[in-house]
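Encoded as structure tokens, the structure appears first; notes follow it.
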Amino acid sequence: MNNDTPTDRSRPLDFIRQIVAEDQKSGKHPQPVTRFPPEPNGFLHIGHAKSICLNFGISNEFGGRCHLRFDDTNPSKEEAAYVESIKRDVRWLGFDWHEHLHYASDYFEQICHFAERLIELGKAYVCDLTGEQIRAYRGTLTEPGRESPYRNRSVEENLRLFREMRAGIYGDGERVLRAKIDMASPIILMRDPVLYRILRAPHHRTGDAWCIYPMYDFTHCLSDMLESITHSLCTLEFQDNRQLYDWVLDTLQTPCHPRQIEFARLNLTYTVMSKRKLLQLVTDGHVDGWDDPRMLTISGLRRRGYTPRAIRTFCEQIGIGKKESWIDMGVLENAIRDDLNETAPRAMGVLDPVKVVIDNYPDDQVEFIEARNHPQRPELGSRSLPFSRELYIEREDFRETPPGKFFRLAPGREVRLRYAYYITCVSCEKDPQTGEITVIHCTYDPQTKGGSSPDGRKVKGTIHWLSAAHAAPCTINLYDRLFAVEHPDGDKAVDFKEHLNPHSLHTLTRCLVETSLADLPPGSQVQFERQGYFCRDLDSGTPDHPVFNRIVTLRDSWAKVNN
RNA sequence: UGGGGGAUGGUCUAAUGGUAAGACGGCGGACUCUGACUCCGCUUAUCGGGGUUCGAAUCCCUGUCCCCCAGCCA
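Quick look at the structure:
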């Protein structure tokens, strides 16, 4: 459900789609082919969603195709479990790679051939320098590098040495294969970059078949080429790499030469986006795993109750550009609010209950009140809510001495109980020790059943409620932003974890909801009227004591006035 | 400091030599049986300085600021 991708094409094309459109129009690439190339070394996050929506979005819009390709060239960091989580997340976001599930490791043999070809062309050599020496020889930003003493080995020797590397004659790190380009290049990446290293680690797909692994720069362009990718989209930090990408394909004179185009990665306020930092939050126990509802991983967002459609809408709203930018977290929150406003059924939920006694309501009476499941969508039907003499309302909906502009319940004030009756507060009882309100006494007007009065008098406030005898207990997790500041990793001198929001999770265990919610399937969303959108937790709670996670609050202009 | 990029309201994105537009936020108002939703209005921008041109965000020169690159990571 809700899998339709919202596309507003009245909006101008971003610069990448313009290029794709021109290439299509000119006949250069009638059918664009893109790819999403994650490394299976962690979970996907909202930043990846931007790239996924871009790549798959383009293929959908222009009648092309998009591959899912795992960039699995570093077995020391990669795991099969990550492959599965990534596939699941891409699918959940609503995209389909069809038969185009690929792995860079599928191309190891071909990439190795290309390496030998480079050697034969005199464009690659085996280098015996240690890692430290290679760094020292590389030069600096302002000084050119020095040529490796192994740079001018013969083709035959290079070929023999490279094959011996592959055969496992040498130890890890003992030798590397390097491209022979230019040690004086102002682009440091071009100073004879390493193409292959020796690494003995079990690979999640090829096992111990290989002990040499190709580096990113050599692998990525060739993988793109082998898959006939037309537009290879990546983030800004790879701009220098494009030079090497083109060098490899030009030197090898490959029949296909994809165009690499870079765009700005997503930055969101009040969070961190790097896999390393997300991992640290998990391992240090600041969150409850990769799918903690406060994490902006795809799995965390799913658990929080975000919908794929909201995430897609968000990715579309933020646009594609080339300048480093920061999207306000509020934009993401609005995306889910807007989506759920349309789709989520409404229900009554009281987070912090306080008892109300309707003094003039018959002691033993229970009647049923019709309540719409969605105010703007009658087709979603209605339900019956039991009403009786003793009710619960939200503690913050009553003030003994109301401040200005407060138009909820207070002594002498009349408010509407949503869908039910007008009630007027006559008195309240307090705990003599704490001063806390324990019971609020009201009278109701029997003429106002259903929520309107025959004399046409208006009330300022409408509040939600639950019949005390019929309400179901539950636990509610109130989630807030994980970090308390806009740019948690903005200051390199301060550990980003210093900025963790101590109130990012507040668990309320004495909440009440309509009994009908016992049937709400885990993972599905509901709006507790006047409170926000909530999601029944996937794997905690019991049938008679469910757990709900707050996805996002409703916009609250009273909170603004109140501050 | 060498190289690669970037700079448009508070934020993001357009305008590709021809009226600086849209979205989000913010503020104000209307509506309302959710202080929600919806609707209306307002606010605020071309990094600085020169130049070319009838006309410049756009082209040229110059300056400033920001990001990325010195992994056998991707």
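Residues in the first sequence are numbered consecutively from 1, following UniProt numbering. All C-beta atoms in this analysis are idealised placements derived from N, C-alpha and C, irrespective of residue type, glycine included. Just so we're clear, the structure is a prediction, and the values are computed from it rather than from any experiment.
Would you decide whether residue i is buried or exposed? Buried here means 16 or more other CB atoms lie within 10 Å of its CB.
i, result
"W326", "exposed"
"F368", "exposed"
"E316", "buried"
"K322", "exposed"
"L281", "buried"
"K50", "buried"
"C256", "exposed"
"G47", "buried"
"Q31", "exposed"
"V366", "exposed"
"K25", "exposed"
"D339", "buried"
"V331", "exposed"
"T448", "buried"
"K28", "exposed"
"T313", "buried"
"R555", "exposed"
"N152", "exposed"
"residue 592", "Absent from the structure is residue 592, since the part of the chain shown begins at 1 and ends at 563."
Return the bridge partner residues of residue i from the DSSP annotation.
i, result
"T542", "H545"
"A559", "For A559, which the question treats as bridged, DSSP gives no partner whatsoever."
"T283", "Paired residues: none, contrary to the question."
"P353", "E394"
"T235", "F263"
"A472", "V513"
"E368", "A quick correction: the sequence has Phe, not Glu, at residue 368. Bridge partners of F368: P386."
"T462", "R416"
"E429", "V439"
"T434", "None; T434 has no bridge partner."
"L177", "V126, Y196"
"S467", "L391"
Express the C-alpha separation of residue j and residue i in angstroms, rounding to a whole number.
i, j, result
"V33", "K560", "48 Å"
"T542", "R408", "34 Å"
"S557", "F406", "12 Å"
"residue 565", "A81", "No answer is possible for residue 565: the residues shown for the chain start at 1 and end at 563."
"A21", "F62", "8 Å"
"T307", "P378", "23 Å"
"Q376", "D284", "45 Å"
"N267", "K77", "24 Å"
"W92", "E529", "28 Å"
"Q433", "R536", "36 Å"
"G300", "D292", "5 Å"
"P144", "L199", "29 Å"
"E116", "L159", "7 Å"
"Y170", "R146", "25 Å"
"F114", "L189", "20 Å"
"S85", "F162", "36 Å"
"D288", "S59", "36 Å"
"T251", "L118", "8 Å"
"V126", "M183", "15 Å"
"R265", "L380", "40 Å"
"F534", "F56", "29 Å"
Please check the pair residue i and residue j, which I expect to be a contact at CB under 8 Å, by giving their CB distance rounded to whole angstroms.
i, j, result
"I16", "I261", "6 Å"
"I320", "D14", "4 Å"
"P214", "T73", "6 Å"
"A420", "W465", "7 Å"
"F398", "I358", "Going by Cβ atoms, the distance from F398 to I358 rounds to 14 Å, so no, they are not a contact pair."
"R416", "T475", "With 8 Å as the limit, R416 and T475 do not qualify as a contact, their Cβ atoms being about 29 Å apart."
"V155", "G122", "6 Å"
"P353", "Y392", "4 Å"
Output the residue ranges of the beta strand (DSSP E) runs that lie fully inside the stretch 10-70 and measure 3 residues or longer, sorted by chain position. DSSP runs (the beta strand (DSSP E)) wholly in the stretch 10-70: 33-36, 65-70.
Which runs of the alpha helix (DSSP H) at least 4 residues long sit entirely within the stretch 370-424? Give them in chain order. As far as the stretch 370-424 is concerned, it has no whole alpha helix (DSSP H) run of at least 4 residues.
Whole runs of the alpha helix (DSSP H) within the stretch 261-332, excluding any shorter than 4 residues: 275-283, 298-304, 308-318
My parser needs the beta strand (DSSP E) runs of 3 or more residues fully inside the stretch 476-537; what are they? 505-513, 525-528
Of all the beta strand (DSSP E) runs that stay within the bounds of the stretch 55-142, which reach a length of 3 or more residues? 65-70, 101-103, 124-127
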